[in-house]
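A.B. asks: There's a structure below that I have some questions on.
Residue numbers (the UniProt record's numbering): 1 to 204.
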C-alpha cells in the first residue's frame, strides 16, 4: 500500500543510522530547538530528510503530561503535516515527500539545499498547502527525490525556503526517555558548534 512512513532519526547525537528511520521508504525526522538550531541530541546522517520542533514539547509521560524532548517528539509534527495535506489532496506518499522537500525552511546554520543535519529543512505545513494550491494539486508536484531517503534527489539540488523566524518563544529543555533503536554504520560526525550551555542527558 501507498503509506507515508515517518520515524524518529534518533537521539544519540551522532552520525549513526537508526532504524526504521534510515530505511529508504521512511522519512527520517531530526529535531530542532526554539531558535531553529539542530538539537544537540539529533542524529546527523544522509538519511535525515526533514526536521521539526523537538525540545520542550508538551506531551504524555507515564501517568500525566509534561514537557519532553527528542526526535520522537519531532516526528509527529511531520506525520501531522502529511495528514493535513492528505485531508485535502489525494497525493501519493512520494508526492508528499517532494512537497515537503520543496517547501521546507532552512535551519539555523544549515547548508543550502539539503544537508546531513537538517535534511531538506524544517517542515512548513502552511507553505506545503500553498504549494499544492499553486500547482493545482498532486498532479502538479515536481518530483525531485529518488526514493532512497534523505538528501538523495533525481536530477538537481533544490533551494529551501528562507528562514522566517523562530518556531517557538521559550528555550527550555526537558528530559525524554530514550526510545529503543538499533544504531549501525558509524560515519564521520559533521563539525558543528558546541552548545553554549550544558544540556541534560537523555535517559536510557
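Heads up, the beta-carbon is just placed ideally off N, CA and C, and yes, glycines get one too. For clarity, every value in this text was computed on a predicted model and none was experimentally measured.
Express the C-alpha separation of residue 153 and residue 32 in angstroms, rounding to a whole number.
C.D. replies: Within the chain shown, residue 32 is the residue found at index 32, counting from 1. Within the chain shown, residue 153 is the residue found at index 153, counting from 1. Computed Cα separation, rounded: 23 Å.
A.B. asks: Considering only residues of the same chain and omitting the five flanking positions on each side of residue 166, which have a CB-CB separation below 7 Å?
C.D. replies: Here residue 166 refers to the residue found at position 166 when the chain shown is read from its first residue. Interpretation of residue 166 is limited by its pLDDT of 33, a score under 50 that renders its predicted location unreliable; no figure is taken from the coordinates.
A.B. asks: Hey, residue 95 and residue 138 are a contact pair by Cβ (cut 8 Å); roughly how many whole angstroms apart?
C.D. replies: The residue you call residue 95 lines up with position 95 of the chain shown. The residue you call residue 138 lines up with position 138 of the chain shown. Residue 95 to residue 138, Cβ: 5 Å. Contact.
A.B. asks: Grouping DSSP H, G and I as helix and E and B as strand, with all else coil, what is residue 21?
C.D. replies: Locating residue 21 in the chain shown gives position 21, counting from the first residue. If DSSP states are grouped into helix, strand and coil, residue 21 belongs with coil.
A.B. asks: Looking at the secondary structure, which residues open and close the alpha helix (DSSP H) in which residue 80 lies?
C.D. replies: Locating residue 80 in the chain shown gives position 80, counting from the first residue. 71-86 is the extent of the alpha helix (DSSP H) around residue 80.
A.B. asks: Which residues in the same chain have their Cβ closer than 8 Å to the Cβ of residue 85, if we skip the five residues on either side of it in sequence?
C.D. replies: Here residue 85 is taken as the residue at index 85 of the chain shown, counted from 1. Only 91, 96, 99, 125, 128, 129 and 132 meet the Cβ criterion.
A.B. asks: DSSP beta-bridge partners for residue 61?
C.D. replies: To locate residue 61, count along the chain shown from 1; it is residue 61. Paired residue(s): 64.
A.B. asks: Please report how far the alpha carbon of residue 18 lies from the alpha carbon of residue 9, in whole angstroms.
C.D. replies: Position 18 of the chain shown holds residue 18. Position 9 of the chain shown holds residue 9. Going from the Cα of residue 18 to the Cα of residue 9 covers about 6 Å.
A.B. asks: Could you tell me whether the Cβ atoms of residue 67 and residue 58 are closer together than 8 Å?
C.D. replies: Taking the chain shown and counting its residues from 1, one reaches residue 67 at position 67. Taking the chain shown and counting its residues from 1, one reaches residue 58 at position 58. Result yes, Cβ atoms of residue 67 and residue 58 sit closer than 8 Å.
A.B. asks: Mapping DSSP to helix, strand and coil, what is residue 108?
C.D. replies: Position 108 of the chain shown, counted from the first residue, corresponds to residue 108. Strand.
A.B. asks: If residue 123 sits next to residue 52, beta carbons under 8 Å apart, how far is it from one beta carbon to the other, in whole angstroms?
C.D. replies: Stepping through the chain shown from its first residue, residue 123 is reached at position 123. Stepping through the chain shown from its first residue, residue 52 is reached at position 52. Confirmed, about 5 Å.
A.B. asks: Looking at the strands, I want to know which residues DSSP matches up with residue 30.
C.D. replies: One-based indexing of the chain shown puts residue 30 at position 30. The partner list for residue 30 (beta bridge, DSSP) reads 51.
A.B. asks: Let me confirm a value: residue 89 is counted as buried when at least 16 other C-beta atoms fall within 10 Å, else exposed. Which label applies?
C.D. replies: Position 89 of the chain shown, counting from 1, holds the residue named residue 89. By the neighbour-count rule (16 or more Cβ atoms within 10 Å), residue 89 is buried.
A.B. asks: Mind checking whether residue 80 and residue 104 have CB atoms under 8 Å apart?
C.D. replies: Walking along the chain shown from the start, residue 80 turns up at place 80. Walking along the chain shown from the start, residue 104 turns up at place 104. For residue 80 and residue 104, no; Cβs fall outside 8 Å.
A.B. asks: When we look at the beta-carbon of residue 115 and count the other beta-carbons within 10 Å, is it buried (16 or more) or exposed?
C.D. replies: Taking the first residue of the chain shown as 1, we reach residue 115 at position 115. With 16 or more Cβ atoms within 10 Å of its Cβ, residue 115 is classed as buried.
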